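Trainee:
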Amino acid sequence: MLLIGMALTTGVALAQTECKLKPDLTVKLYPEGQEVDKGVDGLPGPLVSNGITEEEAINDSGILTNITEGRMKFFFPKKPNGQMVVVCPGGGYYKVSSHGEGLHVAEWMIAQGVSVCVVEYRLPNGHWEIPLHDMHNVFRYCRKHAQEWGIKQIGVMGFSAGGHLAGITTNMFVDEITRPDFSILVYPVTSLDRKYATQGTRIHLLGKNELWERKDVSMAEYEAAQEKFAQLISYYSPINHVSGNTPESFIVHCTDDKRVPIEHSINYYRKLIENKVPVEMHVYPTGGHGWGFSTDKYKGKGKDKFAYARDEFEASLARWMESLRTKIQ
Amino acid sequence: MNPTKLITAMLIATAAFTAFDAEAQINCKLKPNQTLLLYPEGQDVDKGLEGAQGPCVSNGCTKAEEINNNGNIGNITEPAIDLYFPKKPNGQMVIVCPGGGYRIVSSWNEGVYVADWFLSKGISVCVVKYRLPFGHWEVPLTDVQNAFRYCRANAEQWGINQIGVMGFSAGGHLAASATNLFVDDITRPDFSILIYPVITMDWKYTHKGTRENLIGKDELWNNKDVKVEEYEKAQTKHAELQNRYSLEKQITEKTPVTFMAHCTDDKTVPVENSLMYYQKLVECNVPVEMHIFPTGGHGWGFSSEKFKGKGKDKFAYARDEFEEALYRWMEGIRK
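Chains U and D, in that order, give the protein sequences. Under the working numbering, the first residue of the first sequence is numbered 1, with each subsequent residue one higher. Under the working numbering, the first residue of the second sequence is numbered 1001, with each subsequent residue one higher.
(1) Does the beta carbon of U/E280 come closer than 8 Å to any beta carbon on chain D?
(2) Quick check on U/V36: buried or exposed, where buried means 16 or more other Cβ atoms within 10 Å of its Cβ?
(3) Report yes if the CB atom of D/G1167 is closer than 8 Å to the CB atom of D/A1153, and no otherwise.
(4) Rounded to whole angstroms, what is the Cα-Cα separation between D/D1021 and D/G1296?
(5) Out of U/P89, U/C142 and U/V252, which has the shortest C-alpha to C-alpha gap to U/W320?
(6) Are any of the Cβ atoms in chain D nearer than 8 Å to that of U/Y308?
(7) Measuring CB atoms only, is the region 295–304 of chain U touching the region 259–272 of chain U, in the sense that at least three cross pairs come out at less than 8 Å?
(8) With DSSP as the reference, please indicate the residues paired to D/M1166 in a beta bridge.
(9) Report the residues of the region 170–197 of chain U with a CB closer than 7 Å to any CB of chain D, ordered along the chain.
(10) If we define contact as Cβ-Cβ less than 8 Å, is U/V283 a contact residue for chain D?
(11) Going by DSSP, name the residue or residues bridged to D/C1126.
(12) Could you give the distance in angstroms between the alpha-carbon of D/G1216 and the alpha-carbon of U/L185?
(13) Does the beta-carbon distance from U/P131 to D/T1264 come in below 8 Å?
(14) Give, in chain order, every residue of the region 1264–1285 of chain D whose Cβ lies closer than 9 Å to some Cβ of chain U.
(15) Would you grab the beta carbon distance between D/S1124 and D/I1076 for me? Rounded to a whole angstrom, and I think it's under 8 Å.
(16) Along the beta strand (DSSP E) that carries U/Q83, what are the first and last residues, could you check?
(17) Ordered along the chain, which non-local residues of its own chain (more than five positions away) have a Cβ less than 8 Å from that of D/A1115?
(18) Put U/Y222 into one of helix, strand or coil per three-state DSSP.
(19) By how many angstroms is the C-alpha of U/Q147 removed from the C-alpha of U/E129?
(20) Which residue marks the beginning of the alpha helix (DSSP H) containing D/Q1157, and which one marks its end?
(21) Specify, as a first and last residue, the run of the beta strand (DSSP E) that U/L25 falls within.
(22) Taking U/A166 and U/V156 to be in contact with their CB atoms under 8 Å, please state how far apart those CB atoms are, rounded to whole angstroms.
(23) Which complete alpha helix (DSSP H) runs does the region 248–310 of chain U hold, if anything under 4 residues is left out?
(24) What residue range does the beta strand (DSSP E) around D/A1316 cover?
(25) List the endpoints of the continuous alpha helix (DSSP H) containing U/M397.
(26) For the region 1288–1300 of chain D, enumerate the residues whose C-beta is nearer than 9 Å to any C-beta of chain U, in chain order.
(27) Can you tell me the Cα-Cα spacing of U/I262 and D/K1233, whole angstroms?
(28) Residues of chain U with CB closer than 9 Å to the CB of D/R1334, please, in chain order.
(29) Indicate the three-state DSSP secondary structure (helix, strand or coil) for D/D1021 in the structure shown.
(30) Please list, in chain order, all residues of the same chain as D/V1282 whose beta carbon is under 7 Å from its beta carbon, the five residues on each side excluded.
(31) What are the residues that DSSP puts in a beta bridge with U/L64?
(32) In chain order, what residues of the same chain have a beta carbon less than 8 Å from the beta carbon of U/H289, not counting five sequence neighbours either side?
(33) Could you tell me how far apart the beta carbons of U/I154 and U/R143 are, in whole angstroms, since I believe they sit closer than 8 Å?
(34) Which of helix, strand or coil does DSSP assign to U/G158?
(35) Out of U/L64, U/W108 and U/Y236, which has the shortest C-alpha to C-alpha gap to U/V359?
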């Protein structure tokens, strides 16, 4: 336990300044735990367990690990403008970056009058159905309570692996309730194809390569595993599900992102325009990966690699969201 | 031709141009500090400005130059550069190539208005009224390279230490040509700004007029009414030209740092032109920034409401962001 804590701390060298914002409401998706087939408010239960037995932990950068309890953290502005964003923080599906891509996003959004639901989704631990299942339940819950909160439009937003989750949520909805009204993808993983070098996300979602390539089994079993693996890679690639019914999208990425190659956004954008989905995309020259909403305010002066373009990015996003709002209301 | 016929012909010509952009734009009071003809003795004499070179070949156009009430210039045979200097030059200069499908030069929307904006930022401007090619593919690039030669030769006295290129639409094709087909350090731009550029000659994504005005119609190259040898020679040359003027194929590590902007709903030049170019830049490790706005269509240039009139700028909703990004990027690369 101690060792894991240390490993996480060294992963993010600089602790971030604490953000004082607290959620107005925290709701567990499965109040009786993931072994009981019950969901909050009569919603569907946990489907399967992620099988994680270690205790959940958080480091001082807000990185959560071993999440077994999916939850929603709600933030409401004083004057709700009618929009809500369901936020999926990233972390390669083995952690959830709950500050830089969660809490800090909420702070910015509520300043715009936008209500926020940050999802601390269950980590899949090789159980690929889990994160999307949790997201569907989140949308069901939010739609159910939208009117009482003064919400008319609910979109999804995600970062990195959370961008993958937002990407599948954007495209793999099962009805009008689970279909986001808009989609914001920030340095997203849009494909699990092996050529894109985002191994971490794939491994934690679908399981380690070794599991799929076991050779101490019969040839038929081996081939069946290979086929299933290929199918899953294809199925869990948001880019393969884009259609004319994909909601309006906003994409941001940096050219020098070495973790998630820019092709993820470019090729996804291409798919959107092929399907005539309205879309805006900004590709900034530098900033790398994972800059989230951690401004100098949280990180400390001079430590935000994306500081040079942050104002522009925020202005574009705010203008885009406002244009969607006026379109619908 | 009797006077009545002449006037009728002129009216028809004007009408044709006016149809290109229905609304006349508000005039801009800005005047260049200096206008210079690139070839003072015309395009049939191999002479250029001091420090620059001659016209290479003639574009063969014999009609008189004309300008419509949107500042679109046709039949250009006498190329010129308009130089604009700010009160306090910041050391940067942009050589601007307006667009117009290599059929006209949109000298206001993508010329003088651009100059007006850059000047307010302390950036010097050279707008190129390049010769239209009429199938003579070497012509526009020759003119832009001569603009570079002249500007580099005079840079020091103007207080300039960095000269980049900027282009719109077919002018973006010309700017991308200058960006990649430079012949020495003098003609190599220090930076490149491409706005809804035509990049490729590939029929799948190219702009028809731009392609045909630059390298000629396919029929010209596919003429079978000649000897086999000649036909094959034409085929080879055509392939060579399509390759040379598909700028996504000309990018190398030496391509200068680049800024791009395009709109998703551009129906004239598909956004794929920018995407394929951007990807090649990334492959070659060229630093690049790209903004793709959802709407605005094609040809929004620098015609803000200030010039077009209130409510007439389809790009108004994002213009401030675009200008802020461009200026921040220019400042970021300034020496």
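Glycine included, each C-beta is placed from N, C-alpha and C at the ideal position. Everything numeric in this text was worked out from a predicted model, so none of it was measured.
Mentor: Reading from the atomic positions:
(1) yes
(2) exposed
(3) no
(4) Its pLDDT being 45, under 50, D/D1021 is placed unreliably in this model, and the value from its coordinates should be taken loosely. One C-alpha to the other measures close to 15 Å.
(5) U/V252
(6) yes
(7) no
(8) D/V1096 and D/I1193
(9) none
(10) yes
(11) D/L1083 and D/I1095
(12) 43 Å
(13) no
(14) T1264, D1265, P1270, V1271, E1272, L1275, Y1278, Q1279, L1281 and V1282
(15) So it is not a contact: roughly 23 Å between Cβ atoms.
(16) Q83 to C88
(17) L1030, P1032, D1082, Y1084, V1096, V1125 and V1127
(18) helix
(19) 29 Å
(20) E1138 to W1158
(21) L25 to K28
(22) 5 Å
(23) 263–274 and 296–299
(24) Segment A1316 to I1333 is the alpha helix (DSSP H) holding D/A1316; no beta strand (DSSP E) there.
(25) Nothing about residue 397 of chain U can be reported from this structure: the residues present for chain U run from 1 to 329 only.
(26) V1288, E1289, M1290, H1291, I1292, F1293, P1294 and T1295
(27) 41 Å
(28) None at all; the shortest Cβ gap to chain U is about 14 Å.
(29) Caution applies to D/D1021, whose pLDDT of 45 falls short of 50 and renders its modelled position unreliable; the value that the coordinates give is listed next. It is coil, neither helix nor strand.
(30) V1288
(31) U/I58 and U/V96
(32) S160, Y187, C254, D257, K258, R259 and V260
(33) 7 Å
(34) strand
(35) Here chain U covers residues 1 to 329 and nothing more, so residue 359 of chain U does not appear.
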